[in-house]
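K.L.:
To start, I am sharing the structure in question, which I have written as C-alpha cells.
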Amino acid sequence: KAGVTQTPRYLIKTRGQQVTLSCSPISGHRSVSWYQQTPGQGLQFLFEYFSETQRNKGNFPGRFSGRQFSNSRSEMNVSTLELGDSALYLCASRLTSSQETQYFGPGTRLLVL
Amino acid sequence: DQQVKQNSPSLSVQEGRISILNCDYTNSMFDYFLWYKKYPAEGPTFLISISSIKDKNEDGRFTVFLNKSAKHLSLHIVPSQPGDSAVYFCAASGAGSYQLTFGKGTKLSVIP
Numbered sequence: 001k002a003g004v005t006q007t008p009r010y011l012i013k014t015r016g017q018q019v020t021l022s023c024s025p026i027s028g029h030r031s032v033s034w035y036q037q038t039p040g041q042g043l044q045f046l047f048e049y050f051s052e053t054q055r056n057k058g059n060f061p062g063r064f065s066g067r068q069f070s071n072s073r074s075e076m077n078v079s080t081l082e083l084g085d086s087a088l089y090l091c092a093s094r095l096t097s098s099q100e101t102q103y104f105g106p107g108t109r110l111l112v113l
Numbered sequence: 114d115q116q117v118k119q120n121s122p123s124l125s126v127q128e129g130r131i132s133i134l135n136c137d138y139t140n141s142m143f144d145y146f147l148w149y150k151k152y153p154a155e156g157p158t159f160l161i162s163i164s165s166i167k168d169k170n171e172d173g174r175f176t177v178f179l180n181k182s183a184k185h186l187s188l189h190i191v192p193s194q195p196g197d198s199a200v201y202f203c204a205a206s207g208a209g210s211y212q213l214t215f216g217k218g219t220k221l222s223v224i225p
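Keeping their order, the protein sequence lines are chains A and B. Each residue of the first sequence is one higher than the last, beginning at 1 in the numbering used here. Each residue of the second sequence is one higher than the last, beginning at 114 in the numbering used here.
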C-alpha cells in the first residue's frame, strides 16, 4: 500500500499571503489529522477530519482551516501568513477516528518570509 | 502546560549497547501511548505502542515499558544500531480524545 503523500514538499511564501497544503491518506483510511512541527513547540495538533467532518481541533487561530473530500483527501489552508507560521506541516492518517495508530506523511516545509 | 515530557533532548549510546529513552506524562486520562522515530526531512515513523492495560510491549529490538503509577514510559532499544540514530517522539492519547499529544523529542545518536 502506498503511504501518506503530501504536496507540495516545500513552499516559500511572504507575509500576508495564503497557502493551501494537500494530503492523500493511505488507501482505505478515512481519518486525516494535521500537525505543525516547529523547533520551539514540537509537534502540535491542528485538527482532524473524518468522513468530511472536522472531529477535533487544536489550539490554533482561525487562520488555520481545513477540509476533507469524499475520497478522504484533505487540504489545510493558512490565511494571512505570519513569520511564525514557518514550520513543517505533517499529515497523518488512520482507519477511523478511534484509537488506532496514525501514520504520517513526509510533511510540507513552509517558509514564510 | 506540557502534558507529555521528554526531559532529555539528546542521548548518545555506543553501537551494540542498550538505548533507553524516557517519557513522562501528567494527564492520568491518557490510556494509549506510542513511540515514533523521525529522520530529518521525513515524517515520523510509527515504532511501537502500548495500551494502559499492559505494562510491557515488545517488537523485535524495541520494548516499551509503562509505569502507570509513576506516569512514566520508556523505550528500550537493544542492541542499538547506527541506523537507529534519529529523533524519537513519545505520544499519548485518551482523555476523551483520540488526538495525539507529543513530547518534544529526544535525539538519539548511536556511535559506531
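Glycine included, C-beta positions come from ideal geometry on N, C-alpha and C.
1. Indicate whether at least one CB of chain A lies closer than 7 Å to the CB of F159(B).
2. If the cut is a Cβ gap below 9 Å, which residues of chain A does L221(B) touch?
3. Against S80(B), what residues of chain A qualify as contacts under a CB-to-CB distance less than 7 Å, listed in chain order?
4. Would you say G173(B) touches the ligand GDP, meaning its beta carbon is less than 6 Å from a heavy atom?
5. Leaving out five residues on either side along the sequence, give the residues of the same chain with a beta carbon under 8 Å from the beta carbon of Q37(A).
6. Ignore the nearest five residues each way along the sequence and tell me which others in Y103(A)'s own chain have a CB closer than 8 Å to its CB.
7. So with Cβ pairs under 7 Å, would you call G156(B) a contact of chain A?
8. Under 7 Å between beta-carbons, which chain A residues line up against K217(B)? List them in chain order, please.
9. State the beta-bridge partners of E171(B) as determined by DSSP.
10. Classify G42(A) as helix, strand or coil using the three-state DSSP reduction.
11. Less than 6 Å between C-beta atoms, sequence neighbours within five positions excluded: which residues of the same chain meet that for V200(B)?
12. Could you give the distance in angstroms between the alpha-carbon of I133(B) and the alpha-carbon of S162(B)?
13. If you run the structure through DSSP and keep just helix, strand and coil, what is L90(A)?
14. Hey, does Q212(B) have any beta-carbon neighbour from chain A nearer than 7 Å?
15. Counting only C-beta atoms, is F104(A) closer than 7 Å to chain B at any point?
16. Looking at K184(B) and Y138(B), is the spacing between their C-beta atoms short of 7 Å?
17. Opposite V4(A) in the DSSP bridges: which residues?
18. So within the region 136–162 of chain B, which uninterrupted beta strand (DSSP E) runs reach at least 3 residues, ignoring any that extend past its ends?
19. G128(A) to G84(A), Cα distance in whole Å?
P.N.:
Quick answer:
1. With 7 Å as the cut-off, F159(B) counts as an interface residue toward chain A.
2. Per Cβ cutoff of 9 Å: no residues; L221(B) is ~16 Å from chain A at best.
3. This structure cannot speak to residue 80(B), because chain B is shown only from 114 to 225.
4. Within the structure as shown, the ligand GDP is missing, as the structure has no ligands at all.
5. Closer than 8 Å at the Cβ level, and outside the excluded window around Q37(A), lie L43, Q44, A87, L88, Y89, L90 and G107.
6. The answer, listed in chain order, is G3, V4, I26, H29, A92, S93 and R94.
7. Interface residue, yes.
8. G42, listed in chain order.
9. BP columns for E171(B) point to T176(B).
10. Secondary structure of G42(A) (DSSP, three-state): strand.
11. Taken in chain order, the residues that qualify are K151, G218 and K220.
12. I133(B) and S162(B): Cα-Cα distance of roughly 16 Å.
13. Note: L90(A) maps to strand in three-state DSSP.
14. Yes, contact with chain A.
15. By this cut-off, F104(A) is an interface position.
16. It is a contact, given that the beta carbons lie within the stated cut-off.
17. BP columns for V4(A) are empty, so no partner.
18. Listed in chain order, they are 143–151.
19. Outside the displayed span of chain A (1 to 113) sits residue 128(A), for which this structure offers no information.
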